[in-house]
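2 protein chains.
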Amino acid sequence: MIEVIVFDADDTLWHNETLFKVAENKLADLLADYHPSDFVIETHLETEGRNIKTYGYGVKGFTLSMIETAIDLTEGKIPPEDIRKIIGFGKEMLDADVVLLEGVCETIEKLSKSYPLMIITKGDLLDQQRKVARSGLGDFFKHIEVVSNKTSKTYEKVLAKHDIVPQHFLMVGNSLKSDVLPVVEIGGQAVYIPNSTTWAHEAVSQEDADRKEYYEIENIGQLVKIIEKKEK
Amino acid sequence: MIEVIVFDADDTLWHNETLFKVAENKLADLLADYHPSDFVIETHLETEGRNIKTYGYGVKGFTLSMIETAIDLTEGKIPPEDIRKIIGFGKEMLDADVVLLEGVCETIEKLSKSYPLMIITKGDLLDQQRKVARSGLGDFFKHIEVVSNKTSKTYEKVLAKHDIVPQHFLMVGNSLKSDVLPVVEIGGQAVYIPNSTTWAHEAVSQEDADRKEYYEIENIGQLVKIIEKKEK
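Protein chains in written order, with my numbering: chain A, 1 to 232; chain B, 1 to 232.
So, in structure tokens, the structure goes:
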């Protein structure tokens, strides 16, 4: 029995990782005189990974890491006006329109008639709230929870706060590591919708993925059927 | 009748604004060859204010604004290695120890025996959660809510989520604009504890302050007495 359906937001409801890819490519273009594109992107990913424990997830930390990468990779020779451009890449990301993934609008509207819906997402607080507002979907969701990380402990805490038993909640998301495995871990149900551009830091081993039980669908349009089948 | 006591965090429970002042002074020192200290700090405050709608509150946006200010004020002549130093100022702030204000530990411990306590704070999500953890006070608080802004609407939403009636909640904080006036506005009770270093963006007009009713105390140590008096 499902009492509440919880959605991840970025790359589950709307395009997000593409914005980061665009910014990374702009950074690579900016540093094209110094290093090949692949190397810039790879180095930035490393910088970002190293900084996550300090900055957490989101565009602001990503931007600070881009600046750090640019200084590192040019051995301090990057013109400050190019650093201003990097700040601009970050601001563009924060100001970007929200583009819903295919099938999201209809699915959310339909499910909201039968179930309380909720969002659990990580990232910069203001940015995530703003994206929900810009998406036009805000009214369909009873609660929006922005968290700093998505572990089984995080889910337990959020569910306890809302008096939800793990067994009665279904999580839908594009990340095995953040949306699926920790939920299955605490006895919740999960639907995995892989996205073509999953962030490198979200990868899990095949072994981890194989051990757990969850549903996998190709796109969110198939969600209503899966739920109807489960609830029979 | 008070059912729950809610605390602001930064500069109510622990020193925070001092960290920002220290970073601003470091920025002024770094740009000392270009402009007088006061002008650097004033310009940075303007940049920060202009960026708040994009970045929200917190250290990461503050750091990005410092970098922008440095590029502006040197007309692009700042050496990139100095920009790396500014990134370092931000990281130091995020890694800083939490120093409790005088009387906080005893007061929180005492009140937690009679009331559920909660924190409502704005800032970077991860940073705020980390400060609660570092403060050693985490276990005394039933809920920690990090919000992107503190308006009367924000308070209404958070209170509704926790099934709290405004009339039965008491908010304690150092900002008239964020902690006191919006709470009084929705019928809640508020205790104002002015701090010697209040952030310029938090200032309100004397007129706004005079219109509303709230308690004002000099330090948190007086809070228990105020509450005992109210509850008689």
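Each residue gets a CB set at the ideal place from its N, CA and C atoms; glycine is no exception. Treat the numbers as computed from the prediction; the structure is a model and nothing was measured.
(request) State buried or exposed for Ser196/A, treating a residue as buried only when at least 16 other CB atoms are found within 10 Å of its CB. (result) Here the question's residue 196/A lines up with position 196 in the first sequence. Answer is exposed; the Cβ neighbour count stays below 16.
(message) If we define contact as Cβ-Cβ less than 8 Å, is Pro116/A a contact residue for chain B?
(response) Counting from 1 along the first sequence, the entry for residue 116/A is found at position 116. Not one chain B Cβ lies under 8 Å of Pro116/A.
(request) Output yes if chain B places a C-beta closer than 8 Å to the C-beta of Tyr55/A; else output no. (result) Start at 1 with the first residue of the first sequence, and residue 55/A comes out as number 55. With 8 Å as the cut-off, Tyr55/A counts as an interface residue toward chain B.
(request) Using a Cβ-Cβ cut-off of less than 8 Å, list which residues of the region 79 to 111 of chain A approach chain B; keep chain order. (result) Pro79, Pro80, Glu81, Ile83, Arg84, Ile87, Gly90, Lys91, Leu94 and Asp95
(request) Would you kindly work out how many angstroms separate the C-alpha atoms of Ile144/A and Leu181/A, rounded to a whole number? (result) Here residue 144/A refers to the residue found at position 144 of the first sequence. Here residue 181/A refers to the residue found at position 181 of the first sequence. Those two C-alpha atoms are separated by around 21 Å.
(request) Would you grab the beta carbon distance between Asp10/A and Val172/A for me? Rounded to a whole angstrom, and I think it's under 8 Å. (result) If you number the first sequence from 1, residue 10/A lands on position 10. If you number the first sequence from 1, residue 172/A lands on position 172. Rounded, the Cβ-Cβ distance is 13 Å, inconsistent with contact.
(message) Looking at chain A, is there any beta carbon in it that lies within less than 8 Å of the beta carbon of Val146/B?
(response) Within the second sequence, residue 146/B is the residue found at index 146, counting from 1. Yes, Val146/B counts as interfacial toward chain A.
(request) Could you have a look at Lys142/A and say whether DSSP puts it in helix, strand or coil? (result) In the first sequence, counting from the first residue as 1, residue 142/A sits at position 142. Three-state DSSP puts Lys142/A in a strand.
(request) Would you mind stating whether Asp127/B and Gly58/B have Cβ atoms separated by less than 8 Å? (result) The residue given as residue 127/B occupies position 127 in the second sequence. The residue given as residue 58/B occupies position 58 in the second sequence. Yes, they are a contact pair.
(message) Tell me the DSSP secondary structure of Val98/B in three-state form.
(response) Indexing the second sequence from 1 puts residue 98/B at position 98. Looking at Val98/B - three-state DSSP - the assignment turns out to be coil, as it is neither helix nor strand.
(request) Taking only beta-carbon positions, decide if Gln222/B is within less than 8 Å of chain A. (result) Stepping through the second sequence from its first residue, residue 222/B is reached at position 222. Not an interface residue.
(request) Consult DSSP for Tyr115/B and reduce its assignment to one of helix, strand or coil. (result) Taking the first residue of the second sequence as position 1, residue 115/B is located at position 115. Tyr115/B: coil per DSSP, three-state reduction.
(message) Less than 8 Å between CB atoms is the rule here; does Gly49/A satisfy it with respect to chain B?
(response) For this step, residue 49/A is matched to residue 49 along the first sequence. No, because no Cβ of chain B sits closer than 8 Å to the Cβ of Gly49/A.
(request) Please list the partners that Glu68/B has in chain A, where partner means a Cβ-to-Cβ separation under 8 Å. (result) For the purposes of this step, residue 68/B is identified with residue 68 of the second sequence, where counting begins at 1. Going along chain A in sequence order, the residues near Glu68/B (Cβ under 8 Å) are Arg84 and Ile87.
(message) Contact criterion: CB-CB distance below 8 Å. Does Lys177/A meet it with respect to chain B?
(response) Residue numbering aside, residue 177/A sits at position 177 when the first sequence is read from its first letter. No - not a single Cβ of chain B is within 8 Å of the one on Lys177/A.
(message) Whole angstroms are fine: how far does the CA of Val147/B sit from the CA of Asp124/B?
(response) In the second sequence, counting from the first residue as 1, residue 124/B sits at position 124. In the second sequence, counting from the first residue as 1, residue 147/B sits at position 147. Straight-line Cα distance between these residues: approximately 9 Å.
(message) Please return the same chain residues whose Cβ sits closer than 7 Å to the Cβ of Ile83/B, not counting the five positions on each side in sequence.
(response) Residue numbering aside, residue 83/B sits at position 83 when the second sequence is read from its first letter. Closer than 7 Å at Cβ, skipping near neighbours: Ile67 and Ala70.
(request) Starting from Thr63/A, find everything on chain B with Cβ-Cβ shorter than 7 Å and list it in chain order. (result) Along the first sequence, read from residue 1 onward, the residue named residue 63/A stands at position 63. Result: Leu64.
(request) Assuming Ile217/B and Ile2/B form a contact by the criterion Cβ under 8 Å, report the distance between their Cβ atoms to the nearest whole angstrom. (result) Numbered from its first residue, the second sequence carries residue 217/B at position 217. Numbered from its first residue, the second sequence carries residue 2/B at position 2. Rounded, the Cβ-Cβ distance is 16 Å, inconsistent with contact.
(message) Rounding to the nearest angstrom, what Cα-Cα distance links Trp14/B and Leu101/A in this structure?
(response) Counting from 1 along the second sequence, the entry for residue 14/B is found at position 14. Counting from 1 along the first sequence, the entry for residue 101/A is found at position 101. Between Trp14/B and Leu101/A, the C-alpha separation is close to 43 Å.
(request) Determine the closest residue to Asn105/B out of Thr121/B, Ala96/B and Asp139/B, with distance taken between C-alpha atoms. (result) On the second sequence, position 105 is the one that residue 105/B refers to. The question names Asn, but residue 105/B in the sequence shown is Cys. Per the Cα distances, Asp139/B.
(message) For Lys157/B and Val191/B, what's the separation of their Cα atoms in angstroms?
(response) Within the second sequence, numbered from 1, the residue matching residue 157/B stands at position 157. Within the second sequence, numbered from 1, the residue matching residue 191/B stands at position 191. So the alpha carbons of these two residues sit roughly 20 Å apart.
(request) Could you please tell me which residues of the region 132 to 143 of chain A, in chain order, have their CB closer than 9 Å to any CB of chain B? (result) His143
(message) Once DSSP output is grouped into helix, strand and coil, what is the label at Gly88/A?
(response) Within the first sequence, numbered from 1, the residue matching residue 88/A stands at position 88. DSSP places Gly88/A in helix when its eight states are reduced to three.
(request) Could you tell me whether any Cβ in chain A is nearer than 8 Å to the Cβ of Asp124/B? (result) Translated into the one-based positions of the second sequence, residue 124/B becomes position 124. Yes, its Cβ sits closer than 8 Å to a Cβ of chain A.
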